[in-house]
């Protein structure tokens, strides 16, 4: 223990000056480095380097993409021309396509007639090859190979083309007679026919030949196919080929026509030295499988060989940084590059899943040269700063160390002779002289100070004791209060100075862990500002806690000891109280979480059940629609059977529409976008209409519906009649569905006075003797997607939204709805509405619109014989339906497939030619909104006056507003309501 007390950790003045100066220099460097990192300058420089590579690659990819896309139209035009030549030839000779696989002369003649088209095709700029290959069946096959007749021309100079001189065109494959007739030479690798075997890739022929059969619904112009680099014979040169199938008028594929592009032609304008680096290359690659892994097709630049030797995989899905990939990572040939996709197929092509890309690769050092230059500059700057800091601090430390050393010697002498400090006045440093004087005063008053502190503590607080350790004399001053608090055995209970050994022996009985002894034995470890430790001991069967605070004074240690047992006990009580309070809060939170989980689970189960029922409810009428359509087609001559099928299709379609309406209504209600439309309502007519609407279903189950009206003084009111009728239909329809056959449904309507001459209280009570509902289900009946868990209920169709919609509609009308029910007894719904009186009811609306299929007779009665309308819709079936309905009125109908075509037809017509325009909204090329705005902006007399009616499936309120804001006069939702269509025609055409 004493050995520890004699150990002194000292540092020279030189080190104390040098270290801060060195730290300051390092901090300056660190601040600069942090600023560079936080500001993102280094990242920006790296990203800038990457962007140079990405932009250059994107530009080159755009060029290749443009060059390849530019070649597709001429090939398709040539295919159309050859199809025409073929049809004409077959018609002139009275033969069929079957002769291609039977008569070689037919093949030869057809190839001769098509040769001029091939020459014209190969004369296009940057086209190396042009060819036609016919499907000749087994006419030329050998025992081992499949052989096809054809004509394959190659232009030796794709950049210099003459319209008259074809001396630079050679024939690589085809009949020598055709070469003689064309005046072209035979190539050194010439072959009379195309031999198809496993030695080469012939997908340029096989894929287009199969395309029409695999994709019968695709137009021919979407069936063009780019194949990889291949050759038509083992010794021929490779080229990248683009082919179209040759298709006869009856849809039969009888061959292909295409072009070929050689490597030098494609790579001429994408040099590898784009990156100012000899170690760079471009790679055109294909991803036929669509999995993001590209296979190189051709390349430029020497680095490609190194990448291949490292087994590089060009994976688009691999990790990358800002779009930059590291190719062949971990190898000496590691490079940076990017993968830029090229769109060489149009949107309607069946080969869109096959991807082509331009891949760039360059050596890391070249791409990141700027970045590494700045890093090196930073490292050199750091090194210079640190060296200069060390040199300056060493020089400064040496200049001030001499007077400091003199002061230290004087202080050491002052340990034996306090007067020695009186002669220390010539150090040259005022602060050192003053420090020596202060130390003398501290040494003189140290013992007096300790005794005085002890007396003050004894008089003010008997629970605080003090001790002072003299590290040089190895003695300890102990106050009387400390001996009493600590209950020392071998130390008298009075102010006393004892040896350090005796004090330590007494203290070890309390400080069993040695926390305090370890600190005060090593004074250097005790901060001048003090440090505190809490320890405990067992005394008379109780816990006693002490707080011991240590501090230093002139390398001696002063300790204060306080009995804090009462404070610790109070803290424990407070902690226990807080624990109990926290536990209670935690239990409440757990209960709230459990309730929230149960609610969420129930809602999720309800939605899952809703989706399941929606699937069933949609598939059921769809099955009827599809099935009845098949039956109608099979009995097309049986008018009664067809009419019956059409009626059932109409019923199923209306049911599908009702499902959609329920879902859309609930969606608008939940999003707060549902709007009520107020108008005059004839309640008597509305209730009569309600009976008519539910009567068929009630009659089918032999139900009796009884309606009583009580005190209806004001039958005409203001409100949304359609939504009121919707609510009542939902309630009565449920009563009909969930009441066993032969049941009774009662409707009681009562007008009650409310003390307001302008408002009436109307109570509607719907009562049935059906299967009823459980009390548990009644709690959630108005929740969306809820249905009772009952086998009898599950047999009924429905979305589970009807009662939720009804409840929300009632609340939106400031009304109230109540329900009472008992299982097996029946259900009573009570709806209370407060409605404004509507006066004498001159124009009251009796009912909601009836299904459109029942109003065809009204349409046929309308007469607009001399009128002409423009019908705009991109869907052929929609145009057919709307056109047929409009023609029933005698209207002349002209049609357009998109907004642009509609604008063109309007501008091409004279003023007043069209009486009205029906405009769809969602269309290709130009949508309905833009078409209406374009027509309205035209400088002609009828551009602002011609009625434009939106005819669209976009049926939300915001869709109607958007249609009107774009210049349209009215809105009709699909499916078409015949009655509203007639009203629109009468309004705008009369």
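Residue numbers (this note's numbering): 492 to 1481.
Just so it is clear, CB atoms sit at the ideal spot from N, CA and C, and this is done for glycine as well.
For this session: For the beta strand (DSSP E) containing residue 971, list its first residue and its last residue.
Result: Unbroken run through residue 971 is the alpha helix (DSSP H), 971 to 977; no beta strand (DSSP E).
Problem set entry | Residue closest to residue 1223, alpha-carbon to alpha-carbon, out of 1258, 1131, 829 and 1480 | Among 1258, 1131, 829 and 1480, the Cα nearest to that of residue 1223 is on 1258.
Problem set entry | Three-pair Cβ contact test at 8 Å for the segment 958 to 971 versus the segment 1045 to 1053 | yes
Exercise. Whole-angstrom Cβ separation of residue 573 and residue 685, contact assumed at under 8 Å?
Worked result: In this structure residue 573 is not in contact with residue 685, their Cβ atoms being roughly 17 Å apart against a cut-off of 8 Å.
Problem set entry | Where the alpha helix (DSSP H) containing residue 1397 begins and where it ends | 1390 to 1399
For this session: Compute the distance between the beta-carbons of residue 1238 and residue 1230, then report whether it is under 8 Å.
Result: no
For this session: Go ahead and pull the three-state DSSP assignment for residue 1231.
Result: coil
Exercise. Looking only at its own chain, which residues have a Cβ that is under 6 Å from the Cβ of residue 545, when we skip the five neighbours before and after it?
Worked result: 814 and 829
Exercise. Residue 664 and residue 682: beta carbons closer than 8 Å?
Worked result: yes
Problem set entry | Rounded C-alpha distance that separates residue 1153 from residue 1464 | 16 Å
For this session: Measure the C-alpha to C-alpha separation of residue 1129 and residue 1479 and round it to an integer number of angstroms.
Result: Taking the straight line from one Cα to the other gives about 40 Å.
For this session: With a 10 Å radius around its C-beta and 16 neighbouring C-beta atoms as the bar for buried, classify residue 454 as buried or exposed.
Result: Residue 454 cannot be examined here, being either before or after the span of the chain that is shown, 492 to 1481.
Problem set entry | Three-way DSSP call (helix, strand, coil) for residue 1194 in this model | coil
Exercise. Under the three-state reduction of DSSP, which class applies to residue 958: helix, strand or coil?
Worked result: strand
Problem set entry | Neighbourhood of residue 847 by C-beta distance below 6 Å, restricted to the same chain and skipping five residues each side | 777, 833 and 835
Exercise. Is it true that the CB of residue 623 sits closer than 8 Å to the CB of residue 748?
Worked result: Yes, the pair counts as a contact, with Cβ atoms nearer than the cut-off.
Problem set entry | Extent of the continuous beta strand (DSSP E) run through residue 1372 | Run containing residue 1372: none in the beta strand (DSSP E); it sits in the alpha helix (DSSP H), 1367 to 1378.
For this session: Determine the DSSP secondary structure at residue 1318, reduced to helix, strand or coil.
Result: strand
For this session: Label residue 566 either buried or exposed according to how many other C-beta atoms from any shown protein chain fall within 10 Å of its C-beta, with 16 as the threshold for buried.
Result: Under this definition residue 566 is a buried residue.
Exercise. Taking three-plus beta-carbon pairs below 8 Å as touching, is the segment 1401 to 1418 in contact with the segment 1355 to 1372?
Worked result: yes
Exercise. Can you name the residues that DSSP bridges to residue 1309?
Worked result: 1321
Exercise. Are the Cβ atoms of residue 1381 and residue 1314 separated by less than 8 Å?
Worked result: no
Problem set entry | Inter-residue CB distance, residue 489 and residue 554 (contact presumed, cutoff 8 Å) | Residue coverage of the chain in this structure runs from 492 to 1481, which leaves residue 489 outside it and unanswerable.
Problem set entry | Collapsed DSSP secondary structure at residue 803 in the structure displayed | coil
Problem set entry | DSSP-derived helix/strand/coil call for residue 1257 | strand
For this session: For residue 907, collect the residues of the same chain with a Cβ closer than 6 Å to its Cβ; drop the 5 residues on either side in sequence, then sort them by chain order.
Result: Legend: pLDDT at residue 907 = 45, less than 50; position of this residue unreliable, value from coordinates given subsequently. Nothing meets the Cβ criterion.
For this session: Could you tell me which uninterrupted beta strand (DSSP E) segments, each at least 3 residues in length, are contained entirely in the segment 619 to 681, listed from first to last along the chain?
Result: At a cut-off of 3 residues, the continuous stretches assigned as beta strand (DSSP E) that sit fully inside the segment 619 to 681 are 620 to 625, 637 to 639, 641 to 646 and 660 to 664.
For this session: In angstroms with no decimal places, state the Cα-to-Cα distance between residue 1218 and residue 1228.
Result: 16 Å
Problem set entry | Whole-Å CB distance - residue 1351 paired with residue 1379, under 8 Å assumed | 5 Å
Exercise. To which residues does DSSP link residue 684 through a beta bridge?
Worked result: The partner list for residue 684 (beta bridge, DSSP) is empty, contrary to what the question assumes.
Problem set entry | With 16 other Cβ atoms within 10 Å as the buried cut-off, status of residue 1194 | With 16 or more other Cβ atoms within 10 Å, it is buried.
Exercise. Are the beta-carbon atoms belonging to residue 758 and residue 789 less than 8 Å from one another?
Worked result: yes
Problem set entry | Cβ-based neighbour list, residue 510, same chain, cut-off 6 Å, excluding 5 preceding and 5 following | Counting only Cβ-Cβ distances below 6 Å, and skipping sequence neighbours, we find nothing.
Problem set entry | Rounded separation between residue 1402 and residue 1385 - CA only | 16 Å
Problem set entry | Exposure label - residue 1198; buried when at least 16 CB within 10 Å | By the neighbour-count criterion, in which 16 or more other beta carbons inside 10 Å mark a residue as buried, residue 1198 falls on the exposed side.
Problem set entry | Option in 1301, 1248 and 1187 with minimal Cα separation from residue 1213 | Per the Cα distances, 1301.
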